[in-house]
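Written below as C-alpha cells is the structure these notes are about.
Protein chains: 2
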Amino acid sequence: MQLPEAKGKFIEAWGKLGSEWGINRTMAQVHALLLVSPAALTTEEIMEELKISRGNANMTLRDLINWGLVEKQHKAGERKEYFFADKDTWNIARQVAKERRKRELDPIIKILDELSKVEGDSKDEAFKTFNKSVTDINKLAKNVDKTLETMLKAEENWFWKSIFKMFK
Amino acid sequence: MQLPEAKGKFIEAWGKLGSEWGINRTMAQVHALLLVSPAALTTEEIMEELKISRGNANMTLRDLINWGLVEKQHKAGERKEYFFADKDTWNIARQVAKERRKRELDPIIKILDELSKVEGDSKDEAFKTFNKSVTDINKLAKNVDKTLETMLKAEENWFWKSIFKMFK
DNA sequence: TTTAACTTTCAAAATTTCATGAAAGTTTAT
DNA sequence: ATAAACTTTCATGAAATTTTGAAAGTTAAA
Numbered sequence: 001m002q003l004p005e006a007k008g009k010f011i012e013a014w015g016k017l018g019s020e021w022g023i024n025r026t027m028a029q030v031h032a033l034l035l036v037s038p039a040a041l042t043t044e045e046i047m048e049e050l051k052i053s054r055g056n057a058n059m060t061l062r063d064l065i066n067w068g069l070v071e072k073q074h075k076a077g078e079r080k081e082y083f084f085a086d087k088d089t090w091n092i093a094r095q096v097a098k099e100r101r102k103r104e105l106d107p108i109i110k111i112l113d114e115l116s117k118v119e120g121d122s123k124d125e126a127f128k129t130f131n132k133s134v135t136d137i138n139k140l141a142k143n144v145d146k147t148l149e150t151m152l153k154a155e156e157n158w159f160w161k162s163i164f165k166m167f168k
Numbered sequence: 001m002q003l004p005e006a007k008g009k010f011i012e013a014w015g016k017l018g019s020e021w022g023i024n025r026t027m028a029q030v031h032a033l034l035l036v037s038p039a040a041l042t043t044e045e046i047m048e049e050l051k052i053s054r055g056n057a058n059m060t061l062r063d064l065i066n067w068g069l070v071e072k073q074h075k076a077g078e079r080k081e082y083f084f085a086d087k088d089t090w091n092i093a094r095q096v097a098k099e100r101r102k103r104e105l106d107p108i109i110k111i112l113d114e115l116s117k118v119e120g121d122s123k124d125e126a127f128k129t130f131n132k133s134v135t136d137i138n139k140l141a142k143n144v145d146k147t148l149e150t151m152l153k154a155e156e157n158w159f160w161k162s163i164f165k166m167f168k
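Residue numbers (UniProt numbering), protein chains in the order written: chain A, 1 to 168; chain B, 1 to 168.
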C-alpha cells in the first residue's frame, strides 16, 4: 500500500469511528487529515482534499478548535489562516475525555443526584426498584467521573502503569 | 418530585445520554424503563408507556437483547412475552464495553495494524508524520483494548479497588 | 386444522442531522 | 475610503436515520 491510499484509509477509518461515537464524520475526518499532515493546512486545502464545501469546512474547524483538538496558526505576512492538530495522542485522549465529561457526564450526574433524592414508600416495589437503579447508576457515574479526573491530571505513563498494575 | 415525574426524567436523561454515545434514543429509553420496572413488561406496556409503535418496540427490544442488556421471560400459561433488564450496573457497563469493543475497537485496531506496516521514505515529512500518528494511535488503542479486556474479566470489587488505588 | 393471540417484517413517511454555497461580514493593504 | 482577500453565517436542500403501521408470519390452544 502506498502513502496516499493509506492516508485515505486512515481518514475513512477515523471518520467511521467518530460517527459511531457521536462525533460527526466530517469533523473526525478533518481531524484525521490534520493528524497526518506535517504542516498546518488552509481551509482551501482541507476543502480540496476532503471534497467538502467552504461552509462545512469552516464550521467543522471551529468545532475542532472548541474541542481543543485543533489550533489556528497565523503565518507572518499572510492573510490566510492555517490549521494544525496536536499530534500527541495522550493529549487528544485527554482533551476528548475532558470535553465529553463536561458536556455529558456532568449533566447526567446532576440529574441523578436530584433523582436520588426522590422519596417514596419503601414498601412500594416500583419505588424500590427506581431508587436502587438510580443510586447504583449514580455511583457508577461518579466512579467514572473520578477516574476521568485522574486521567486528566495524570501523565500518560503514570496512568497506564496504574491501570496495568491491575493485571498483576 | 414524585415517582412518575422522576421516572420520566430518568428515561429522558438516559435517552439523551444514549444518543450522545451513538445508541439510539428509543433503545436507551426502553432500557431505562425496564431498569426502573420491578417486574418484566410486555411489548404492549412498553409501547403504551413510551408512546412508540409496535414495530419500533419490537426492533428495539431485539437490539437490546442482542446487546445482552435485556432478556425475554416466558410466564407459564401465557402467550405473551415479557421483557426485563439486568439491573446490575456493573454487568451493564461490562456488557456495553464488550459489545462496543467487538463492534468498533477490534475493527479499527485491525486497520491500524495494517496501516502501521506501510513503508515509505523516512526522509519524507508526510510519511514520517503519517507513520508517527498511526503508530501512536495504535498503541493507545491497544492500551484501551487491554484495559477493557481486564475489565471484562474482572469482578466488580476487584476492579474498582484497583482504580481507587490510583488515587491514594 | 382452524382460529386467535401474539410477534416480526418492511416499505413508506417522518424526523433529525448534515452539507452546501451564496451572501454578509471582517480585516488588511493601498 | 475603497478594494481585495479572506472568513463566517445561515436558509435551504440532501442524506441518513428513525418510526410507523399494516401485512405477513408464527405459535399454541381448541
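Heads up, the beta-carbon is just placed ideally off N, CA and C, and yes, glycines get one too.
What you are looking at is a predicted structure, and each value in this text was computed from that prediction instead of being measured.
Buried/exposed call for residue i, threshold 16 Cβ in 10 Å
i, result
"Ile92 (chain B)", "buried"
"residue 200 (chain B)", "Missing from the structure shown is residue 200 (chain B); chain B here goes from 1 to 168 and no further."
"Gln2 (chain A)", "exposed"
"Arg53 (chain B)", "In the sequence as displayed, the identity of residue 53 (chain B) is Ser instead of Arg. So Ser53 (chain B) ends up on the exposed side."
"Ile46 (chain A)", "buried"
"Gly77 (chain B)", "exposed"
"Ile65 (chain A)", "exposed"
Test: residue i CB closer than 8 Å to a CB of chain A
i, result
"Asn58 (chain B)", "no"
"Phe83 (chain B)", "no"
"Thr147 (chain B)", "yes"
"Gly77 (chain B)", "no"
"Glu162 (chain B)", "Sequence inspection shows Ser at residue 162 (chain B); the Glu mentioned does not correspond to that position. Closer than 8 Å to some Cβ of chain A, the Cβ of Ser162 (chain B) qualifies, so yes."
"Thr26 (chain B)", "no"
"residue 182 (chain B)", "Since the displayed chain B opens at 1 and closes at 168, residue 182 (chain B) lies outside it and no answer follows."
"Ser122 (chain B)", "no"
"Ile111 (chain B)", "yes"
Residues near residue i in its chain [Cβ-Cβ closer than 7 Å; skip 5 each side]
i, result
"Asn56 (chain A)", "Thr26"
"Asp121 (chain A)", "Phe127"
Selection from the options that minimises the alpha carbon distance to residue i
i, options, result
"Lys75 (chain A)", "A:Phe164, A:Ala39, A:Ser19", "A:Ala39"
"Trp14 (chain B)", "B:Lys72, B:Leu33, B:Asn143", "B:Leu33"
"Arg79 (chain A)", "A:Thr60, A:Thr42, A:Glu99", "A:Thr42"
"Lys51 (chain B)", "B:Ala97, B:Trp158, B:Asn157, B:Ile11", "B:Ile11"
"Lys153 (chain A)", "A:Lys161, A:Arg94, A:Ser53, A:Gly120", "A:Arg94"
"Asp63 (chain B)", "B:Ile163, B:Val36, B:Glu45, B:Gln29", "B:Gln29"
"Ala97 (chain A)", "A:Trp67, A:Lys72, A:Ile109, A:His31", "A:Trp67"
"Asp136 (chain A)", "B:Glu119, B:Thr135, B:Ser162, B:Glu156", "B:Glu156"
Three-state class that DSSP yields for residue i in the structure shown
i, result
"Glu119 (chain A)", "coil"
"Lys72 (chain A)", "strand"
"Ala28 (chain B)", "helix"
"Glu125 (chain A)", "helix"
"Ala13 (chain B)", "helix"
"Ala154 (chain B)", "coil"
"Ala39 (chain B)", "coil"
Residue-level contact to chain B via CB, residue i, 8 Å cutoff
i, result
"Trp67 (chain A)", "no"
"Ser133 (chain A)", "yes"
"Met1 (chain A)", "yes"
"Leu152 (chain A)", "no"
"Thr89 (chain A)", "yes"
"Ala97 (chain A)", "no"
"Asp86 (chain A)", "no"
8 Å Cβ shell around residue i - same chain, five flanking residues per side excluded
i, result
"Leu105 (chain A)", "Ala141, Val144, Asp145, Leu148"
"Ser19 (chain A)", "Arg25, Ala28"
Other residues of its chain near residue i: CB distance less than 6 Å, five sequence neighbours each side excluded
i, result
"Asn138 (chain B)", "Leu112, Ser116"
"Glu99 (chain B)", "Trp67"
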